[in-house]
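In what follows, a single structure is set out as structure tokens and then discussed.
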Amino acid sequence: MKNKKTVLITGASRGIGRAIAILFAKNNYNVVINYNKSEEEVKSLLKELESENCSARIFKADISKIEEANALVNYTIGQFEKIDILVNNAGISRFNLFTDISYDEWHEVMNVNLNSVFYVTKKALQYMIPEHEGKIINISSMWGLVGSANEVHYSTSKAALIGMTKALAKELGPSNIQVNCIAPGVIETDMLNDVDEDTIEMLKYDTPLMRIGKPMDIARCALFLASEGGDFITGQVISSNGGFVIN
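Numbering (our numbering), first residue to last: 8 to 254.
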């Protein structure tokens with residue numbers, strides 16, 4: 008296990024994070040899967056990966072809290088001695104008119120989608136910078152690029168993550184650490200559970216590739232950035248959205 012590279016993925020029990028964990032594990036990485044509430048799902052994932060002789064661990068942490076974010080990183084180091092790849096994937100979505108967003112709801116979205124990335128990344132860099140190598144992949148959203156009505160708080164948090172990616176890439180370049188961002192489009196995850204079928208069809212129609220994205224589409228992008236192919240890519244935003252947004 009020590010001769011493999013290690014990836015730490017936040018919010019990886021379901022959806023995009025789960026797909027990233029599966030793909031990296033099957034490509035010979037040590038995988039640390041962070042979760043907070045989805046215990047049954049993450050145990051099922053671990054069982055699946057172990058049945059295929061993959062190297063995987065799970066760790067429960069609410070990474071919107073500094074102490075738990077630090078504990079997650081320390082656990083990863085304790086298990087595998089280093090962190091080669093950090094995927095900041097954990098996130099939540101809330102739908103509300105801006106005038107109806109409560110202060111608590113605003114802070115909840117910012118804490119999970121943005122502050123947690125700061126906490127985990129800050130701790131991970133204590134180990135990455137001395138190694139003079141590493142890759143950080145932040146999962147944002149196309150709404151961080153163009154904004155979404157009724158999701159001002161979500162869009163704001165994801166736009167901030169893009170800004171963090173670009174600034175941090177400049178700061179960490181001399182340490183040979185690449186920082187990039189994936190901004191997914193409409194993806195088949197739990198975030199679509201409350202979206203009616205007519206709206207889903209409209210979203211497909213508005214997407215030039217005429218389909219909703221799958222979590223594995225994003226996982227493959229993350230794997231590329233983590234590979235040697237991503238060694239000279241930093242500070243970039245790759246929007247895997249099927250053409251829904253073209254800048």
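Even for Gly, the Cβ is constructed at its ideal location relative to N, Cα and C.
Going by DSSP, what residues sit across from residue i in a beta bridge?
i, result
"residue 66", "41"
"residue 142", "92 and 185"
"residue 15", "39 and 93"
"residue 245", "189"
"residue 178", "Looking at the DSSP assignment, residue 178 forms no beta bridge with any residue, so it has no partner."
"residue 158", "103"
Run through DSSP, which three-state label would residue i get?
i, result
"residue 196", "coil"
"residue 24", "helix"
"residue 59", "coil"
"residue 103", "strand"
"residue 202", "coil"
"residue 220", "strand"
"residue 77", "helix"
"residue 253", "coil"
"residue 125", "helix"
"residue 137", "helix"
"residue 169", "helix"
"residue 108", "coil"
"residue 29", "helix"
Closer than 6 Å to a non-hydrogen atom of the ligand COA - does that hold for the CB of residue i?
i, result
"residue 205", "The ligand COA is not part of the structure shown, which contains no ligands of any sort."
Are residue i and residue j closer than 7 Å when you measure CB to CB?
i, j, result
"residue 93", "residue 15", "yes"
"residue 194", "residue 236", "no"
"residue 98", "residue 173", "no"
"residue 125", "residue 192", "no"
"residue 145", "residue 95", "yes"
"residue 13", "residue 91", "yes"
"residue 108", "residue 160", "yes"
"residue 115", "residue 183", "no"
"residue 155", "residue 164", "no"
"residue 149", "residue 190", "yes"
"residue 53", "residue 25", "no"
"residue 58", "residue 21", "no"
"residue 129", "residue 185", "no"
Which residue from the options puts its Cα closest to that of residue i?
i, options, result
"residue 240", "187, 168, 63 and 54", "187"
"residue 29", "43, 44, 10 and 64", "64"
"residue 216", "129, 248, 199 and 197", "248"
"residue 157", "181, 180, 44 and 113", "113"
"residue 197", "23, 135, 214 and 218", "23"
"residue 178", "211, 74 and 136", "136"
"residue 180", "59, 20, 199 and 132", "132"
"residue 77", "36, 224, 134 and 48", "134"
Between which residues of its own chain and residue i is the CB-CB distance below 6 Å, once the five residues before and five after are set aside?
i, result
"residue 32", "38, 56, 61 and 63"
"residue 86", "64"
"residue 50", "none"
"residue 169", "147, 151, 188 and 244"
"residue 232", "144 and 187"
"residue 227", "none"
"residue 105", "159"
"residue 18", "24, 96 and 97"
Beta-carbon within less than 8 Å of residue i's beta-carbon, same chain only, minus the 5 sequence neighbours each way: which residues are those?
i, result
"residue 122", "71"
"residue 199", "193, 207 and 219"
Looking at the C-beta of residue i, does it have a partner C-beta in chain C at a distance below 7 Å?
i, result
"residue 141", "The displayed structure is made up of one protein chain only, and chain C is not part of it."
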